[in-house]
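K.L.:
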Amino acid sequence: MVVDRIADPWGARTPYRPGQPWPERVDGFLADGVTAESVDRWVQTAAVLHSNGDGLDIGVKGGRIVGVRGRADDRVNHGRLDPKDLFGWQANASPDRLTTPLIRTAGRLRPCGWDTAMDRIVAHTRQLLDSSGPASIGFYTSGQLFLEAYYTQGAIAHGAIGTNHVDGNTRLCTATAAEALKETFGSDGQPGSYTDVDHADTIALFGHNVAETQTVLWMRMLDRLAGAEPPTIVCVDPRRTPVAERATVHLAPLPGTNVALMNALLHEIISHDWLDHDYIDLHTVGFAELRSRVEEFPPERCAEICGVRADDIREAARLLGTAKRLLSTVLQGFYQSHQATAAAVQVNNIHLLRGMLGKPGCGVLQMNGQPTAENTRECGADGDLAGFRNWANDDHIADLAKLWNIEPRQIPHYAPPTHAMQMFRYAEEGSLRMLWVTATNPAVSLPELARIREILAQQRLFLIVQDIFMTETAELADVVLPAAAWGEKTGTFTNADRTVHLSEKAVEPPGSARSDLDIFLDYARRMDFRDKDGQPFPPWTDPESTFEAWKKCSAGRPCDYTGLSYAKLRGRNGIQWPCNDEHPDGTERLYADGRFWSAPDYCEAYGKDLITGAPLEPTEYRAMNPYAKAIIKAAQYIPAHEPPTQDHPYALITGRTVYHFHTRTKTARAQQLQQSAPDVWAEISEVDARRLGVADGECVTISTPRGSVTCPARIGGMRPGVIFLPFHYGYWDTGSGTGHHRAANELTITDWDPVSKQPLYKTAAAQLRKAPLDRAGAPPAGVRELLVAEVRQ
Numbered sequence: 001m002v003v004d005r006i007a008d009p010w011g012a013r014t015p016y017r018p019g020q021p022w023p024e025r026v027d028g029f030l031a032d033g034v035t036a037e038s039v040d041r042w043v044q045t046a047a048v049l050h051s052n053g054d055g056l057d058i059g060v061k062g063g064r065i066v067g068v069r070g071r072a073d074d075r076v077n078h079g080r081l082d083p084k085d086l087f088g089w090q091a092n093a094s095p096d097r098l099t100t101p102l103i104r105t106a107g108r109l110r111p112c113g114w115d116t117a118m119d120r121i122v123a124h125t126r127q128l129l130d131s132s133g134p135a136s137i138g139f140y141t142s143g144q145l146f147l148e149a150y151y152t153q154g155a156i157a158h159g160a161i162g163t164n165h166v167d168g169n170t171r172l173c174t175a176t177a178a179e180a181l182k183e184t185f186g187s188d189g190q191p192g193s194y195t196d197v198d199h200a201d202t203i204a205l206f207g208h209n210v211a212e213t214q215t216v217l218w219m220r221m222l223d224r225l226a227g228a229e230p231p232t233i234v235c236v237d238p239r240r241t242p243v244a245e246r247a248t249v250h251l252a253p254l255p256g257t258n259v260a261l262m263n264a265l266l267h268e269i270i271s272h273d274w275l276d277h278d279y280i281d282l283h284t285v286g287f288a289e290l291r292s293r294v295e296e297f298p299p300e301r302c303a304e305i306c307g308v309r310a311d312d313i314r315e316a317a318r319l320l321g322t323a324k325r326l327l328s329t330v331l332q333g334f335y336q337s338h339q340a341t342a343a344a345v346q347v348n349n350i351h352l353l354r355g356m357l358g359k360p361g362c363g364v365l366q367m368n369g370q371p372t373a374e375n376t377r378e379c380g381a382d383g384d385l386a387g388f389r390n391w392a393n394d395d396h397i398a399d400l401a402k403l404w405n406i407e408p409r410q411i412p413h414y415a416p417p418t419h420a421m422q423m424f425r426y427a428e429e430g431s432l433r434m435l436w437v438t439a440t441n442p443a444v445s446l447p448e449l450a451r452i453r454e455i456l457a458q459q460r461l462f463l464i465v466q467d468i469f470m471t472e473t474a475e476l477a478d479v480v481l482p483a484a485a486w487g488e489k490t491g492t493f494t495n496a497d498r499t500v501h502l503s504e505k506a507v508e509p510p511g512s513a514r515s516d517l518d519i520f521l522d523y524a525r526r527m528d529f530r531d532k533d534g535q536p537f538p539p540w541t542d543p544e545s546t547f548e549a550w551k552k553c554s555a556g557r558p559c560d561y562t563g564l565s566y567a568k569l570r571g572r573n574g575i576q577w578p579c580n581d582e583h584p585d586g587t588e589r590l591y592a593d594g595r596f597w598s599a600p601d602y603c604e605a606y607g608k609d610l611i612t613g614a615p616l617e618p619t620e621y622r623a624m625n626p627y628a629k630a631i632i633k634a635a636q637y638i639p640a641h642e643p644p645t646q647d648h649p650y651a652l653i654t655g656r657t658v659y660h661f662h663t664r665t666k667t668a669r670a671q672q673l674q675q676s677a678p679d680v681w682a683e684i685s686e687v688d689a690r691r692l693g694v695a696d697g698e699c700v701t702i703s704t705p706r707g708s709v710t711c712p713a714r715i716g717g718m719r720p721g722v723i724f725l726p727f728h729y730g731y732w733d734t735g736s737g738t739g740h741h742r743a744a745n746e747l748t749i750t751d752w753d754p755v756s757k758q759p760l761y762k763t764a765a766a767q768l769r770k771a772p773l774d775r776a777g778a779p780p781a782g783v784r785e786l787l788v789a790e791v792r793q
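Everything in the sequence shown is counted per full-length UniProt numbering, starting at 1 for the first residue and increasing by one.
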């Protein structure tokens, strides 16, 4: 029987019991009229429309992509593919791909050759470096490039230009994951492995709708639930998601109260002495402060703050506190909410208190939202320094400068690298005059979009957009560079559990589109960047030589790739770093021996105050943690900055659907995915629907002090007083030129976590009312042109 993978995104079950390997199930999809036997060749790659990293092969026939199939022996997915894997590849052949560079002339974007486009970029770069210095230039990248492109971009920005303004849209999805790991373990790096699902007796998901964001990982969990000795599930989410429906305990706190909830769970674990005292004494610092802090949060107090039952808190804590093998995952419900890092760190604390790290079934996965978000962090393209080096450690700067053969002063380290929200503020104020945006669409993805459009459209900001389609952001650019997509270039990328895959080039890119790596290297050559010896910088020339250079950069650091190579990855099915002489086949779990990457001379970061974000001084860190232990950090609960009020009595949260990725740049161009979720909707509770007299499918208007969205209502298991909007939808419908105010980020607030600097998309105060019309009105054709003209005036 053929399974409809749109109606059933997770497919058939293959039950298994704890300790058994996950059974194989090979999924695939081919274009009409194509059979597996008629495919010319299959090309190795992995998925790039989520962070799971599913291994798959691309089918090529007649020089074009005709389908995909899962790799049965891949350690991540054992052959399974999710709907975005199955259908998203069709975007590569969309007729509206960018195929030639564009430059803005007399107010309009017009086609040109590569020399013309790059000469304009180079001339502008040189003029700004001469007149305003490196701080006038910024780079805003993505979580969807390959490692080789990130390392090259980071080397150019930090080493050749010397700007501190380097970040990615990973700031929107994974910055808190990285920061929470640094705060607890001294360095980035996921402690757990996806294989922990095979062994855990309790799985806790904190703000992680894994069913729709890492769909194949949810398949693994579903198969455990369908087998003998299934795990118990603890779900923390204000929505009744597919995960919540299968949960043993579902906690649905009010948005913005996660720290209070976590403190109550820790209160119960400590008060019942569900602790591994030997582990705490041998391997951690900070327990006494945590115990004192959480004494203030008994379940009854938390119930009042969070709007959940005290008995449910006790039951969830019992499951966490008595589990023999506990796996915890965390994602945007914590990362994009108030006190993001503080809440995520408390999840780490549970595992430290229980000694549940480094053993099968015992791990933490501070998840990523994007397929190559881990690589941005490793390579220094997201506000960190390459190789998880510490910007506040002069020895680390000197080491990186020696590797790049440049002077240490050339690498900016006078302050932390500039985070994205601050970069856009600098652009707004006029000190940042050139912004290079790569493979991301901030005109839809950033908060308070009216403000973002005004910033991007400023005449004084020279905006470069490098992408595969004409996005809402590209419409505002001064130069548009056509990039090669996944399947049209070669490179490596690393998923959320540190699994490295090689993605081989399967077909040629359309027109004169080039890979991101080639574009960056071309820019470096035209700028004539040089090292101390007068040699071209960066010195590498192609994907494999870049990877070999990266291996040298990673040597001896937590993310050690020295045991990997293209030859080793070719034909293999994912290898987890660190991979080196000590671990030639990779490392499944970190910290199994109770040793951490937190030594003062080695750690990636000295940590921050979880309330203010103020960084600790190196001397403070040395005094706190001289012996490289894990750090238990307590956090006080503070109410959200924009709580519901009498005028705006609802809490608005945003998120994702299983059928789309980010701003739909690719998934809107795959027929099956677009038809499944063609337009925005609002999910509201049955209680709120009855009060407003709204039936399922009728239109509602959601308003905040920043804007409004009108769309159909979906009435479901949302907790009363909370509204959910998917954030994927831009101002207009992709390709049609028409649209309406339907972008969730028209409504979100310009605010961010003080520690990770991740924007808050889940704490806006909102109004909700029944719309006067049965459907959202759409303005006439040409709104795109009107919008561009409006924001450029």
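Don't be surprised by glycine CBs; every beta carbon is placed ideally from N, CA and C.
Please read all numbers here as calculations on a predicted model, not as lab measurements.
For D97, does the count of other Cβ atoms within 10 angstroms reach 16, so buried, or fall short, so exposed?
P.N.:
Residue mapping note: residue 97 aligns to position 97 of the sequence shown, counting from 1. One detail in the question is off: residue 97 reads as Arg in this sequence, not Asp. Label assigned to R97: buried.
K.L.:
Which value, in whole angstroms, describes the spacing of the CA atoms of Q153 and P360?
P.N.:
Here residue 153 refers to the residue found at position 153 of the sequence shown. Here residue 360 refers to the residue found at position 360 of the sequence shown. Computed Cα separation, rounded: 37 Å.
K.L.:
Suppose the cutoff is 6 Å on Cβ atoms and the five residues either side in sequence are ignored; what does the same chain contact list for K551 look like?
P.N.:
Along the sequence shown, read from residue 1 onward, the residue named residue 551 stands at position 551. Cβ neighbours of K551 beyond the five flanking positions: Y561 and T562.
K.L.:
Quick check: the Cα distance between G739 and V166, rounded to an integer number of angstroms?
P.N.:
Start at 1 with the first residue of the sequence shown, and residue 739 comes out as number 739. Start at 1 with the first residue of the sequence shown, and residue 166 comes out as number 166. Its pLDDT being 43, under 50, G739 is placed unreliably in this model, and the value from its coordinates should be taken loosely. Taking the straight line joining both Cα atoms gives about 33 Å.
K.L.:
Assuming G162 contacts Q410 under a Cβ cut-off of 8 Å, what Cβ separation, rounded to an integer in Å, is found between them?
P.N.:
Against the sequence shown, residue 162 aligns to sequence position 162. Against the sequence shown, residue 410 aligns to sequence position 410. With 8 Å as the limit, G162 and Q410 qualify as a contact, their Cβ atoms being about 5 Å apart.
K.L.:
Taking the alpha carbon of L172 as the point to measure from, which residue in G369, L481, L385 and T541 has its own alpha carbon closest?
P.N.:
For this step, residue 172 is matched to residue 172 along the sequence shown. Checking every option, the nearest Cα to that of L172 belongs to G369.
K.L.:
CA-CA distance, I684 and G655?
P.N.:
The residue you call residue 684 lines up with position 684 of the sequence shown. The residue you call residue 655 lines up with position 655 of the sequence shown. Looking at the two C-alpha atoms, the distance is approximately 14 Å.
K.L.:
Return the CA-CA distance between F537 and L49, expressed in angstroms with no decimal places.
P.N.:
Residue mapping note: residue 537 aligns to position 537 of the sequence shown, counting from 1. Residue mapping note: residue 49 aligns to position 49 of the sequence shown, counting from 1. Each residue's alpha carbon lies about 32 Å from the other.
K.L.:
Measuring alpha carbon to alpha carbon, tell me which of A264, G321, Y279 and G307 ends up nearest E296.
P.N.:
Looking up residue 296 in the sequence shown gives position 296. Considering only alpha carbons, the answer is A264.
K.L.:
What does the alpha-carbon distance come out to for the pair R514 and L352?
P.N.:
For this step, residue 514 is matched to residue 514 along the sequence shown. For this step, residue 352 is matched to residue 352 along the sequence shown. Taking the straight line from one Cα to the other gives about 47 Å.
K.L.:
For A323, count neighbouring Cβ atoms within 10 angstroms of its own Cβ and tell me buried if that reaches 16, exposed if not.
P.N.:
Within the sequence shown, numbered from 1, the residue matching residue 323 stands at position 323. Buried, by the Cβ-count rule.
K.L.:
Grab me the residues of V122's own chain with a C-beta within less than 8 Å of its C-beta, minus the 5 sequence neighbours each way, in chain order.
P.N.:
Along the sequence shown, read from residue 1 onward, the residue named residue 122 stands at position 122. Result list for V122: Y523, R526 and M527, in chain order.
K.L.:
Taking buried to mean at least 16 other C-beta atoms within 10 Å of its own C-beta, is P447 buried or exposed?
P.N.:
The residue given as residue 447 occupies position 447 in the sequence shown. It is buried - the Cβ of P447 has at least 16 other Cβ atoms within 10 Å.
K.L.:
So what does S685 bridge to, in DSSP terms?
P.N.:
Taking the sequence shown and counting its residues from 1, one reaches residue 685 at position 685. According to DSSP, S685 bridges with G716.
K.L.:
I'd like the span of the beta strand (DSSP E) that includes K551, first residue to last.
P.N.:
On the sequence shown, residue 551 is found 551 positions in, with the first residue counted as 1. Run containing K551: none in the beta strand (DSSP E); it sits in the alpha helix (DSSP H), P543 to S554.
K.L.:
Can V364 and G192 be called in contact, C-beta distance under 8 Å?
P.N.:
Mapped onto the sequence shown, residue 364 falls at position 364. Mapped onto the sequence shown, residue 192 falls at position 192. Their beta carbons are under 8 Å apart, which means V364 touches G192 by this criterion.
K.L.:
Cutting at 7 Å between CB atoms, please list the residues of its own chain near R17, excluding the five before and the five after it.
P.N.:
As a first step, residue 17 is located in the sequence shown; it is residue number 17 there, counting from the start. So the list reads G227, A228 and E229, once near-sequence residues are dropped.
K.L.:
Which partner residues does residue 800 have in the DSSP bridge list?
P.N.:
Outside the modelled stretch of the chain, which goes from 1 to 793, sits residue 800, for which no answer is possible.
K.L.:
Comparing alpha-carbon positions, which option in N405, Y414 and S445 lies nearest M421?
P.N.:
By 1-based counting over the sequence shown, the position of residue 421 is 421. It is S445.
K.L.:
In angstroms, rounded to a whole number, what distance separates the CA positions of L786 and A443?
P.N.:
Your numbering for residue 786 matches position 786 in the sequence shown. Your numbering for residue 443 matches position 443 in the sequence shown. Low confidence applies here, because L786 scores a pLDDT of 39, under 50, leaving its location unreliable and the question unanswered by this model.
K.L.:
Looking at V330 and F185, is the spacing between their C-beta atoms short of 8 Å?
P.N.:
The count along the sequence shown starts at 1 and reaches residue 185 at position 185. The count along the sequence shown starts at 1 and reaches residue 330 at position 330. Cβ distance not < 8 Å, so F185 and V330 don't count as in contact.
K.L.:
If you measure between the beta carbons of D57 and D85, is that distance less than 8 Å?
P.N.:
On the sequence shown, residue 57 is found 57 positions in, with the first residue counted as 1. On the sequence shown, residue 85 is found 85 positions in, with the first residue counted as 1. A distance of 8 Å or more separates the beta carbons of D57 and D85.
K.L.:
Can you name the residues that DSSP bridges to W436?
P.N.:
Your numbering for residue 436 matches position 436 in the sequence shown. Bridge partners of W436: F139 and I464.
K.L.:
Three or more C-beta pairs under 8 Å: does that hold for the segment 488-506 against the segment 111-130?
P.N.:
Contact fails: fewer than three Cβ-Cβ distances are below 8 Å.
K.L.:
Below 7 Å CB to CB, which residues in the same chain sit around S51 once its five sequence neighbours on both sides are set aside?
P.N.:
To locate residue 51, count along the sequence shown from 1; it is residue 51. Taking S51 as the centre and dropping the five residues before and after it, the same chain places the C-beta of Q214, M367, N368, G369, Q370, P371, A373, N495 and A496 closer than 7 Å to its C-beta, in chain order.
K.L.:
So, for Q339: in the same chain, excluding its five sequence neighbours on each side, which residues have a beta-carbon less than 6 Å away from its beta-carbon?
P.N.:
The residue you call residue 339 lines up with position 339 of the sequence shown. Closer than 6 Å at the Cβ level, and outside the excluded window around Q339, lie V259.
K.L.:
Is DSSP giving V722 helix, strand or coil here?
P.N.:
Stepping through the sequence shown from its first residue, residue 722 is reached at position 722. In the structure shown, the three-state DSSP call for V722 is strand.
K.L.:
If we call anything under 8 Å between Cβ atoms a contact, is S131 one with S431?
P.N.:
The sequence position of residue 131 within the sequence shown is 131, counting from 1. The sequence position of residue 431 within the sequence shown is 431, counting from 1. No, these two residues do not count as a Cβ contact at 8 Å.
K.L.:
Given L385, which residues of its chain have a CB within under 6 Å of its CB, disregarding the five upstream and five downstream residues?
P.N.:
One-based indexing of the sequence shown puts residue 385 at position 385. Only W391 meet the Cβ criterion.
K.L.:
Quick check on the DSSP output: the beta strand (DSSP E) that includes R110 runs from which residue to which?
P.N.:
Reading the sequence shown from its first residue, position 110 is the one you call residue 110. Secondary structure note for R110: its beta strand (DSSP E) is the uninterrupted segment R108 to P111.
K.L.:
Give the secondary structure of K324 by DSSP, where H, G and I count as helix, E and B as strand, and everything else as coil.
P.N.:
Sequence index remark: in the sequence shown, residue 324 carries index 324 (1-based). Looking at K324 - three-state DSSP - the assignment turns out to be coil, as it is neither helix nor strand.
K.L.:
Going by Cα to Cα distance, which pick from L81, D74 and G333 is closest to V68?
P.N.:
On the sequence shown, position 68 is the one that residue 68 refers to. Ranking L81, D74 and G333 by Cα distance to V68 puts L81 first.
K.L.:
If contact is defined by three or more beta carbon pairs under 8 Å, each pair taking one atom from either stretch, is the segment 712-723 in contact with the segment 683-698?
P.N.:
The answer is yes - the segment 712-723 touches the segment 683-698, with three or more Cβ pairs under 8 Å.
K.L.:
Does DSSP put Q20 in a helix, a strand or coil?
P.N.:
Stepping through the sequence shown from its first residue, residue 20 is reached at position 20. Here Q20 sits in coil by DSSP.
K.L.:
Where does K633 land, buried or exposed, given buried means 16+ other C-beta within 10 angstroms?
P.N.:
For this step, residue 633 is matched to residue 633 along the sequence shown. It is buried - the Cβ of K633 has at least 16 other Cβ atoms within 10 Å.
K.L.:
Among residues of its own chain, excluding the 5 on either side of F596, which ones have a beta-carbon nearer than 7 Å to its beta-carbon?
P.N.:
Mapped onto the sequence shown, residue 596 falls at position 596. Once the five neighbours on either side are set aside, the close Cβ partners of F596 are F185, G186, A628, K629 and A630.
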